[in-house]
């Protein structure tokens, strides 16, 4: 059985400034948690994406890998994590177990599809073994602070988008 994980990831002052900036707020949270300069996120990303456009319209999913590489993150396809629970799964689904394995090594930048069908980025920061919930920082609603939320691990993993780079973790 998986055990508790609780990575420190700050929320204060790290909410998304606009509806389209969850991706940017989430990268900044991870950088801050690692003791890195959060202003360098912008500097590094400006070299690989149309940064002003992404800030205005949101980060395109085909830019996920470019951002991961520029920031020194490992990245995975969403399909490794978003499988439906199998009839033989006991405890976590295979996808949630795979996500838990990534989480053990540090906080995780995650692209999920929300109830309205749009993509939303959060930072997976922990796992609570008392009830099988993932704990994550949600930069929404912002604009000042992110909020800590919880979701059943299987449900969280199943909502991950399919794009390359939908799951990212810093190499540190």
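Numbering (this note's numbering), first residue to last: 20 to 191.
Don't be surprised by glycine CBs; every beta carbon is placed ideally from N, CA and C.
- For residue 164, same chain residues with a beta-carbon under 6 Å away, outside a window of 5 residues either side, are 30, 31, 34 in chain order.
- In the DSSP assignment, the residues bridged to residue 147 are 152.
- Ranked by how close their Cα comes to the Cα of residue 175, the residues 149, 144, 161, 188 have 144 in first place.
- Residue environment analysis places residue 94 among the buried positions, since at least 16 neighbouring C-beta atoms fall within 10 angstroms of its C-beta.
- Of the candidates 153, 121, 76, 159, 121 places its Cα closest to the Cα of residue 185.
- Between the segment 110-125 and the segment 146-163 there are three or more C-beta pairs closer than 8 Å, enough to call the two in contact.
- Under the DSSP assignment, residue 92 falls in the beta strand (DSSP E) whose first and last residues are 92-96.
- The C-beta distance from residue 191 to residue 53 rounds to 6 Å, short enough to meet the 8 Å contact threshold.
- For the pair residue 130 and residue 180, the CB atoms are nearer than the 7 Å cut-off.
- Here residue 56 is exposed. Its C-beta has fewer than 16 other C-beta atoms within 10 Å.
- Assignment of residue 184 by DSSP, reduced to helix, strand and coil, places it in the strand class.
- Taking every protein chain shown into account, the CB of residue 128 has 16 or more other CB atoms within 10 angstroms, so this residue is buried.
- The beta carbons of residue 76 and residue 40 sit no closer together than 7 Å.
- In the DSSP assignment, residue 170 falls within the unbroken beta strand (DSSP E) covering 166-171.
- In the DSSP assignment, residue 59 falls within the unbroken alpha helix (DSSP H) covering 58-64.
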